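Chains A and B supply the protein sequences, listed in that same order. Going by this note's numbering, the residue at position 273 of the first sequence is 281; the numbering climbs one at a time, nothing skipped. Going by this note's numbering, the residue at position 217 of the second sequence is 225; the numbering climbs one at a time, nothing skipped. All C-beta atoms in this analysis are idealised placements derived from N, C-alpha and C, irrespective of residue type, glycine included. All values reported here derive from a predicted model rather than from experimental measurement.
Protein chains: 2
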Amino acid sequence: MTSENIFSTIDKDLLTLNHNLESMVGARHPVLHAASEHLFTAGGKRIRPAIVILIAKAMLGKENGKVFYSHERLAEITEIIHTASLVHDDIIDECTTRRGVPTVHNMFSTKIAVLAGDFLFAQSSWYLANLDNLAVVKTISKVITDFAEGEVRQGLVSFDTRIMVNEYIEKSFYKTASLIAASCKGSAILSEVSAREQDKCYLYGKHLGLAFQIVDDILDIIGKPDELGKPSGSDLKNGNLTAPILFALTESPELQNLIDNEFEGESDVGQAINLISKTQGINKAKDLAAEHIQAAINIFSSSKDIEYEDYCNLVKVSSYVLDRIN
Amino acid sequence: MTSENIFSTIDKDLLTLNHNLESMVGARHPVLHAASEHLFTAGGKRIRPAIVILIAKAMLGKENGKVFYSHERLAEITEIIHTASLVHDDIIDECTTRRGVPTVHNMFSTKIAVLAGDFLFAQSSWYLANLDNLAVVKTISKVITDFAEGEVRQGLVSFDTRIMVNEYIEKSFYKTASLIAASCKGSAILSEVSAREQDKCYLYGKHLGLAFQIVDDILDIIGKPDELGKPSGSDLKNGNLTAPILFALTESPELQNLIDNEFEGESDVGQAINLISKTQGINKAKDLAAEHIQAAINIFSSSKDIEYEDYCNLVKVSSYVLDRIN
């Protein structure tokens, strides 16, 4: 299943989104403009805005049909926050390419990358405030705190093979799932559904976000650089011990050794990837991702409040997350 | 006049502020906690929160007397935003000391500094949203956009001696005055005064902020490192052409030469400082700061709506800004 099929119901929304993203961050300054355009035109998967719009459609149901202007704005804000976090993330992880193009700090400078990230975060706060909905502002502003905390946690446990899968899940929540969960809840708030429905949307986003991160971490090991848009094995190299690595470690003392020595040679990362592929690490990580996808889908499976078509779309977008590794 | 005298009317507020700042940024994470505490205990001048509280008192008048809890929170938020901007600023300007202690990126790392700044910005957004006042959220969130834009502008015109004093003022607005102006307006909004009074407070903060930046820029040239808490001449070194330098340039072709050559030798910065001291640059910059202080004071001089005591306090805090260089 290609992403085109899944996103086809919201094609028009995503087209507007791409256009709006450029004009929203269309800074009054050429360098910031270049830095952000560079990122937005590089084209992410736009999965976050897609989820916001699909949740909006599901919550509004057949009667309303069309999503609100504020939903579209929230979808854009979510993508801007995500992009801002990537720009700062790349400084922190010292990544040189992203989405197949040089990262901002590589193409411009660390200085410009710090500023471009700040600028994007600031723009998102500004647009967020202008949604004129305090509950949404509160829900989303919590995310950026989570994001910073997740990054610090990740940095501090580099190469620490004692970390457990539940700690990894916690880190992944802060790093990825918190934004998706909060933006799903925000989308529900804007649809004016009950607090119970809002919480369901939050949970859906949380599980989907966790699965998304696990899949990303699997791809970092099994993906090809040209498909990833960045070098593979970068988590290993940075000592960021993700699910497949943690599972593999329980089977491979040799892998443990390589990581304890923090990959002295460049070829050690390649060797570590080989070792992981000989274990059940990747499969176990796939199972973990599948569990979270199932948990996400289950949330709406018994719901009589959402239309069957909307339910199918939420299932489809969830499955798409898993399909990336199959 | 010492800062103790001026701030004496709000002593208790500032004491609570210092305590609250530590617990507000009391991150769940030890490194972020260390990074932020490091900054807050290093002790800034706390002039921004002081202004917010003084404006609150002036707007509430005799009848209300006591500032609201939300005013105190806004004062704290303002200081957190300022501190976040300093952390990222120090990465951008490659400063190694600030407020007499090593900067975060120097003491920890650039990575931690990027995160600590993000974390502080995020905390401020979160507390801001929890003020439950959309108008204040909008007013303040605009500031962070201005800040990022100001920094970029500053970076791009390094060593460009063609910039004019009005461009310098514009940069200073984005960099410093925007936050002070917006927090004064925010304080007025929380006091529930009319839009006209809110605008007056904004203008007061804007002129005060501009004067503050000009004075800071003068101190960068005439101050001693132990008083500044950072090396002197750092603006010159970074090619950040501030008011005293721009005024001096009109008199000294020799200074022009040194700057055009971007200070090839380390001693060149010292030589440039000497050259500036022989011109009217410092005096002209002092006059410019005094003009903005006067403009700030004038805003309330004809106002029958504020108490004489409150007016005097606003005059005092404005004069304190100038007294730092006299």
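Using a Cβ-Cβ cut-off of less than 8 Å, give me the residues of the region 69-93 of chain B that come near chain A, in sequence order.
none
Using a Cβ-Cβ distance under 9 Å, would Asn248/A count as near chain B?
no
Which term fits Glu159/A, buried or exposed, when burial requires 16 or more other beta carbons within 10 angstroms of its beta carbon?
buried
Which residues in chain B sit within 8 Å of Leu123/A, going by Cβ to Cβ distance?
His96, Ile100, Ala156, Glu159, Val160, Gly163
Under 8 Å by beta carbon: chain A residues contacting Asn138/B:
Lys146
Would you give the residue range spanned by the alpha helix (DSSP H) that Glu299/B belongs to?
289-309
In angstroms with no decimal places, state the Cα-to-Cα distance between Ala92/B and Ala280/B.
31 Å
Assuming the contact rule is C-beta atoms closer than 8 Å, Leu216/B and Ile59/B should be a hit. Round their C-beta distance to whole Å, please.
7 Å
Output the boundary residues of the alpha helix (DSSP H) element that contains Thr86/A.
77-101
Sequence-distant residues of its chain with Cβ nearer than 6 Å to Ser260/B (five each side left out)
Leu283, Thr287
Same chain, Cβ closer than 6 Å to Lys193/A, five either side skipped, listed in chain order:
Thr147, Gln206, Cys209, Tyr210
With burial defined as no fewer than 16 other Cβ atoms inside 10 Å of the residue's Cβ, what is the status of Ser337/B: buried or exposed?
Because chain B in this structure spans residues 9 to 334, residue 337/B falls outside the shown range and cannot be described.
How many whole angstroms separate the CB atoms of Ser240/A and Gly247/A, which I take to be in contact at a CB cut-off of 8 Å?
Going by Cβ atoms, the distance from Ser240/A to Gly247/A rounds to 16 Å, so no, they are not a contact pair.
Under the three-state DSSP convention, the category Thr184/B falls into:
helix
So for Thr10/B, helix, strand or coil by DSSP?
Low confidence applies here, because Thr10/B scores a pLDDT of 49, under 50, leaving its location unreliable; read the following figure in that light. The answer is coil: DSSP assigns Thr10/B none of H, G, I, E or B.
Measure from the C-beta of Ser400/B to each C-beta in chain A and report whether the shortest distance is under 9 Å.
Since the first and last residues shown for chain B are 9 and 334, residue 400/B lies out of range.
Which same chain residues, not among the five before or five after Pro252/B, have their C-beta less than 7 Å away from its C-beta?
Asp225, Ile226, Ile229, Ile284, Gly289, Ile290, Ala293
Could you tell me how far apart the beta carbons of Phe127/B and Phe129/A are, in whole angstroms, since I believe they sit closer than 8 Å?
Not confirmed; about 11 Å, so no contact.
Just list the alpha helix (DSSP H) runs in the region 186-215 of chain A, keeping only unbroken ones of 4 residues or longer that don't cross its boundaries, in chain order.
186-198
Could you tell me how far apart the beta carbons of Ile267/B and Phe167/B are, in whole angstroms, since I believe they sit closer than 8 Å?
6 Å
If we cut at 9 Å on Cβ distances, does Ala130/A have a partner in chain B?
yes
Kindly say whether Ser191/B, judged by its beta-carbon, lies nearer than 9 Å to any beta-carbon of chain A.
no
Look at the Cβ atom of Ser195/A, then the Cβ atom of Ala83/A, and state whether they are nearer than 9 Å.
yes
Run down chain B in chain order and give the residues with a C-beta less than 8 Å from the C-beta of Ser149/A.
Ala130, Ser133, Trp134, Leu136, Ala137
Between which residues of its own chain and Ser326/B is the CB-CB distance below 7 Å, once the five residues before and five after are set aside?
Leu216, Ile301, Ala304, Ile305
Should Ile188/B be flagged as near chain A, meaning a C-beta pair shorter than 9 Å?
no
CA nearest to the CA of Asp295/A, picked from Asn334/A, Val277/A, Asn269/A:
Asn334/A
From Ile314/B to Asn28/B, what distance separates their C-alpha atoms?
29 Å
Buried versus exposed call for Glu87/A [16 or more other C-beta atoms within 10 Å across all chains shown]:
buried
For Gly125/B, which residues of its own chain have a beta-carbon under 7 Å away from its beta-carbon, when the five flanking residues on both sides are left out?
Ala92, Val95, His96
Pick from Asp331/A, Leu218/A, Arg332/A, Gly237/A: whose alpha carbon is nearest that of Val109/A?
Gly237/A
Here's the rule I'm using: 16 or more other beta-carbon atoms within 10 Å means buried, otherwise exposed. How should Asn321/B be labelled?
buried
Expressed to the nearest angstrom, what Euclidean distance is found between the alpha-carbon atoms of Val277/A and Asp243/A?
10 Å
Provide the residue(s) that pair with Asp110/A in DSSP beta bridges, ordered along the chain.
A small correction: the amino acid at residue 110/A is Pro; Asp does not occupy that position in the sequence shown. Paired residues: Thr105/A.
Taking the C-alpha atoms as reference points, what is the distance between Glu80/A and Ser133/A?
15 Å
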